[in-house]
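K.L.:
Let me give you the structure first, and then I'll get to my questions.
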Amino acid sequence: MPFSAPTLNSLPENPLHCRSPMPHSHLTVNHLLAQVEEYRRRKAERDVRPEWLTAWINAAAELFEPTKGVGRVGFECNPTETGWDISLYLGMTEYIGGPDDGRISPASFDFNLQSLAELFEEVLSIEFEVLPEPREDEVAPPYAAIAIQGIASEQPMSVRVLAVPPENAGPGFKRLPDGTTEVNG
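Here this note's numbering is used: the first residue of the sequence shown is 3, the next is one more, and so on.
Structure (structure tokens):
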């Protein structure tokens with residue numbers, strides 16, 4: 003449903019009253035709140051992740067420890083024919099204004115792999131994946147990740163902790179010239 007601005011149709015019936023037309027700005031706010039609720043409802047309907055998986059991802063996200071500043075965990079989660087495929091990463095920071103304007107910087111972090119392994123009922127494999135150069139048919143940046151295959155809540159899972167976010171992930175933060183950091187989006 004397209005948005006339409008409120009009209010100034012609240013003129014008094016008797017023009018001798020000294021009231022000026024007043025827009026009903028509360029209609030706009032109410033309309034926006036209704037849109038937000040509708041968006042949340044539709045998003046929840048699209049979310050195919052079971053509650054246990056959402057809780058598992060949240061527990062895994064808590065294992066990131068930014069080495070400086072703050073971090074914002076991002077993830078991708080997809081069902082596959084063989085279970086769940088999950089990638090976890092810390093969002094990058096985009097510099098807005100100043101001498102570094104436009105620079106996007108990955109986050110430095112520590113990650114507790116032992117605690118991640120303990121989130122599984124059974125760990126089948128743990129691997130360190132590194133692709134310092136793109137494959138012949140790719141134009142991708144260097145790639146490094148820890149990959150764990152295992153069983154959680156009786157479901158097979160493949161989990162990767164990425165050193166840097168995937169290319170399609172936008173920056174998690176904006177760093178302003180005065181040094182303050184804002185959450186992006």
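From the three backbone atoms N, C-alpha and C, an ideal C-beta is built for every residue, glycine too.
Assuming T147 and E169 make a contact with CB atoms under 8 Å, what is their CB distance in whole Å?
P.N.:
In the sequence shown, the residue the question calls residue 147 occupies position 145. In the sequence shown, the residue the question calls residue 169 occupies position 167. Looking at the sequence provided, one finds Ala at residue 147 rather than Thr. Going by Cβ atoms, the distance from A147 to E169 rounds to 14 Å, so no, they are not a contact pair.
K.L.:
Out of curiosity, what's the CA-to-CA distance linking I59 and I153?
P.N.:
As a working note, residue 59 is residue 57 in the sequence shown. As a working note, residue 153 is residue 151 in the sequence shown. Taking the straight line joining both Cα atoms gives about 14 Å.
K.L.:
Look at the alpha carbon of E135 and the alpha carbon of Y145, and state the distance between them as a whole number of angstroms.
P.N.:
If you number the sequence shown from 1, residue 135 lands on position 133. If you number the sequence shown from 1, residue 145 lands on position 143. So the two alpha carbons sit approximately 8 Å from each other.
K.L.:
In whole angstroms, what separates the C-alpha of E53 from that of F113?
P.N.:
As a first step, residue 53 must be located in the sequence shown, where it is residue number 51. As a first step, residue 113 must be located in the sequence shown, where it is residue number 111. Whole-angstrom Cα-Cα distance: 24 Å.
K.L.:
Anyone know if the C-beta pair for L90 and A61 falls short of 8 Å?
P.N.:
Taking the sequence shown and counting its residues from 1, one reaches residue 90 at position 88. Taking the sequence shown and counting its residues from 1, one reaches residue 61 at position 59. Taking 8 Å as the Cβ cut-off, L90 and A61 do not qualify as a contacting pair.
K.L.:
Please state if the CB of L65 and the CB of S110 are separated by a distance shorter than 8 Å.
P.N.:
Locating residue 110 in the sequence shown gives position 108, where the first residue counts as 1. Locating residue 65 in the sequence shown gives position 63, where the first residue counts as 1. Contact flag unset, no.
K.L.:
Leaving out five residues before and five after K70 in sequence, what residues of the same chain have Cβ atoms less than 7 Å from its Cβ?
P.N.:
Position 68 of the sequence shown, counted from the start, is the residue given in the question as residue 70. Within the same chain, K70 has close Cβ partners S110.
K.L.:
Does the Cβ-Cβ distance between K176 and E123 come in under 8 Å?
P.N.:
Taking the first residue of the sequence shown as 1, we reach residue 176 at position 174. Taking the first residue of the sequence shown as 1, we reach residue 123 at position 121. Cβ atoms of K176 and E123: not closer than 8 Å.
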